[in-house]
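Chemist: Here it is: the structure, laid out below.
In my numbering, the protein residues as written are 1 to 102.
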């Protein structure tokens with residue numbers, strides 16, 4: 001029977017890769033400490049360095065078209081709520097005037 005393959009969270013990979021990037025400990029020491037193969041740490045470190053620019057890039061900003069697409073349902077909801085509020089005010093005044101008559 002084969003070994004069950006372990007999976008690691010992104011947070012764990014980032015923590016280990018950052019420690020490897022600092023180079024305060026050797027890969028062998030980090031591998032023993034975190035119980036992973038040194039090749040994995042090397043791969044995670046490489047991935048960290050290659051993708052570091054994405055943290056500060058434009059990928060975090062949404063496009064104007066995407067922003068407009070997100071705004072449309074919100075404006076529709078605002079319009080619906082305004083109509084509802086107007087209807088409630090009108091009917092409230094009608095109810096109040098009927099109560100005064102009785």
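We put the CB at the ideal spot given by N, CA and C, even for glycine. Fair warning: this is a prediction, and the values are worked out from it, not measured in the lab.
Please list the segments of the alpha helix (DSSP H) lying wholly inside the segment 26-68, counting only runs of 4 or more residues, in order along the chain.
Modeler: Fully enclosed alpha helix (DSSP H) runs of 4 or longer: 27-34, 38-51.
Chemist: Between 73, 80, 37, 12, which lies nearest to residue 48 when the distance is taken from Cα to Cα?
Modeler: Considering only alpha carbons, the answer is 12.
Chemist: Does DSSP classify residue 9 as helix, strand or coil?
Modeler: In the structure shown, residue 9 sits in coil (DSSP, three-state: anything other than H, G, I, E or B).
Chemist: Nearest-angstrom Cα distance between residue 6 and residue 73?
Modeler: The straight-line gap from Cα to Cα measures roughly 43 Å.
Chemist: With distances taken Cα to Cα, identify the nearest neighbour of residue 33 among 15, 43, 50.
Modeler: Looking at the Cα atoms, 15 is the closest of the given residues.
Chemist: Could you tell me the alpha carbon to alpha carbon distance between residue 84 and residue 53, rounded to whole angstroms?
Modeler: Whole-angstrom Cα-Cα distance: 48 Å.
Chemist: Can you give me the Cβ contacts of residue 36 inside the same chain, cut-off strictly under 6 Å, excluding the 5 residues immediately before and after it?
Modeler: Cβ within range, chain order: n/a, list empty.
Chemist: Whole-angstrom Cβ separation of residue 45 and residue 20, contact assumed at under 8 Å?
Modeler: At roughly 4 Å, the Cβ-Cβ gap stays under 8 Å, so residue 45 and residue 20 are in contact.
Chemist: Take residue 22 as the anchor and find which of 4, 10, 9, 41 has the nearest alpha-carbon.
Modeler: For the residues 4, 10, 9, 41, the minimum Cα distance to residue 22 belongs to 41.
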